[in-house]
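Trainee: Numbering (this note's numbering), first residue to last: 156 to 607.
Idealized CB from N, CA, C, for every residue including glycine.
A single structure is presented below for examination.
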Amino acid sequence: MSSPSSSSTVFSVPPSPTPSCSSSLPDVSDDQITFILPDIIDYCPFELKVNPHYKAASAESDAWFDSFEIHRGAKYTEFHRAKFGLLTAMSYPGASYTHLRNCCDFMSWLFAFDDLTDDGGLRENIEGSKKAAWIMMQALKFPKTFKTEFKVGETLRSFWERACETASEGTQRRFIETTQLYVDAICKQVVNRRHDEIPTIETFVQLRRDTSAVKLVFALVEYSLNLDLPDEVFEDPIIQSLEEGANDILTWANDMYSFNVEQSKGDTQNLVVIAMNQLGLDVQGAVDYVGDMIRQRIDQYVMEKHCLPSWGEDVDAQVAKYVEGLEDWVIGVLHWSFDSERYFGAEHARIKGDRIVTLLPVDTSMLPPPDSTVVEDDVPEDEMYQEEPKEVAFPSEVVEVPALSTSPVVEEKPTSPSWSSLLPSSIAPYLTMATVLFPPAVAISLRLFDMC
């Protein structure tokens, strides 16, 4: 691993049309029936791998999750057609059987909770989301003693109790910290959705890094590979920027792939919708714009990877595995998005080939109204904000329920995002080394691109 250097290379997104200032889902013209997705899989340099324990671990995990009876009927079928076990196997290809099985459990919890806040009873339920977030954090802090009737919360507690048996102290701490960021951001997103607030691109990118739950899955990379990395590794600005870069790549791609389904439900919390709203773009223009952002982020990630410092032979070997784990997640999500029915239904295989997507009509009739109660989505009222788990001796610490403002977000003047604002300032001194490591022609082209 090389030592960092001291200059900066800053990327900027492509120039954009005059912004639009509406605060609702942009209209889609009747004559725009299809759009074409950019080929991000072909552009991404990472290698796809699939864990050999996939089928057995996934089947065992599915049986465990089904025992909670969270989904029924059509929702049950839809949930399992998403093939979350395959996503886990693609994202944690080096995990042992036991670790993969637990990661499959985690993935089922994650998407069950995600569905609650995107389509279910918590979609626009501000108070219910705060209560659910509180339960999730208690389940992580006290996995052996906390009890809950909220089924989705109990799946998280069950998974985490088993994961803690082998996870390092650092992994456990980072997982809990990133989960707190995740549930806080989810609550903020529910507020935005309830008040029909569309943030700017810059604001959304910052929020999306937490709502995506990618920080959680990166913490599980350590767990899946039995790594025990020192804190100084995660405090390093290059590592932080690689994590952020990988997060952006797969999160923005996820927004692009899930856009059609989400816009059909009237959901405005999506990067493609936000680009349409802020930049006055049509669907194809916004999809292309996000695709360009993703390509630039991949280029930047590859450059920064060459600037990794050294912590000694033993730690460097673990760091190499961890960084490869970030990349496994990126390429895994890209492929799974087309190998599952979650975003493209029965046409997923065809769309993976030609990338042509037919725009779905907007239909919000099947969504629950704000603050609705849905049987499998409901958070039991009698356990909310309890200071102690029922019938359990509880530590004397004070549990704070995150205060969350429900007032509308003040809309900033829309501007195209500058990479200097999206990246940590501490990363700037390290990037010139990357251009030295690349052939001069590539370095020159990157600088010319940056000036555009």
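1) How would you label PRO354, buried or exposed, when you count the other beta carbons within 10 angstroms and need 16 or more for buried?
2) Using only the alpha-carbon positions, how far apart do LYS210 and GLY240 sit?
3) Using a Cβ-Cβ cutoff of less than 6 Å, which residues in the same chain neighbour GLU567 once the five nearest sequence positions on both sides are dropped?
4) Find out if the Cβ-Cβ distance for the pair LEU426, VAL445 is shorter than 8 Å.
5) At a cut-off of 7 Å, is PRO200 close to the ligand SAH when judged by its beta-carbon and the heavy atoms of the ligand?
6) Is the beta carbon of THR333 closer than 8 Å to that of LYS370?
7) Contact between the segment 445-459 and the segment 391-409: three or more CB pairs below 8 Å?
8) How big is the Cα-Cα spacing for ALA212 and ASN206?
9) Taking 8 Å as the cut-off, does the segment 336-350 touch the segment 287-305 (at least 3 CB pairs, one atom from each stretch)?
10) At what residues does the beta strand (DSSP E) containing THR243 begin and finish?
11) Decide if PRO385 is buried, meaning its Cβ has at least 16 other Cβ atoms within 10 Å, or exposed.
12) Between the segment 455-475 and the segment 216-230, can you find at least three pairs of beta-carbon atoms closer than 8 Å?
13) Check THR561 in the structure and name its three-state DSSP category.
14) Can you say whether LYS343 is buried or exposed, counting buried as having 16 or more other CB atoms within 10 angstroms of its CB?
15) Taking its Cβ as the centre, do 16 or more other Cβ atoms sit within 10 Å of ARG278, making it buried, or is it exposed?
16) Rounded to whole angstroms, what's the CA-CA distance from THR629 to ASP509? Just pull it up for me.
17) By alpha-carbon positions, which one of ASP518, TRP491, GLY500 ends up nearest to LEU242?
18) Only counting the same chain, and skipping five residues up and downstream in sequence, which positions put a Cβ closer than 7 Å to that of SER216?
Mentor: Looking at the coordinates:
1) buried
2) 8 Å
3) Residue placement at GLU567 is poorly supported in this model, since its pLDDT is 38, which falls under 50; the coordinates still yield a value, given next. Hits under 6 Å: THR355.
4) yes
5) With respect to small molecules bound, the structure shown includes none, and the ligand SAH cannot be examined in it.
6) yes
7) Cβ pair count under 8 Å is three or more, so yes.
8) 10 Å
9) yes
10) First-last for THR243: 239-246, but that is the alpha helix (DSSP H), not the beta strand (DSSP E).
11) exposed
12) No: fewer than three Cβ pairs fall under 8 Å.
13) For THR561, the pLDDT reaches just 34, beneath the cut-off of 50, and the residue's location in the model is therefore unreliable, leaving the point undetermined.
14) buried
15) Label assigned to ARG278: buried.
16) As shown, the chain starts at 156 and ends at 607. That puts residue 629 outside it, with no answer to give.
17) TRP491
18) GLY240, ARG256, CYS259, ASP260, SER263
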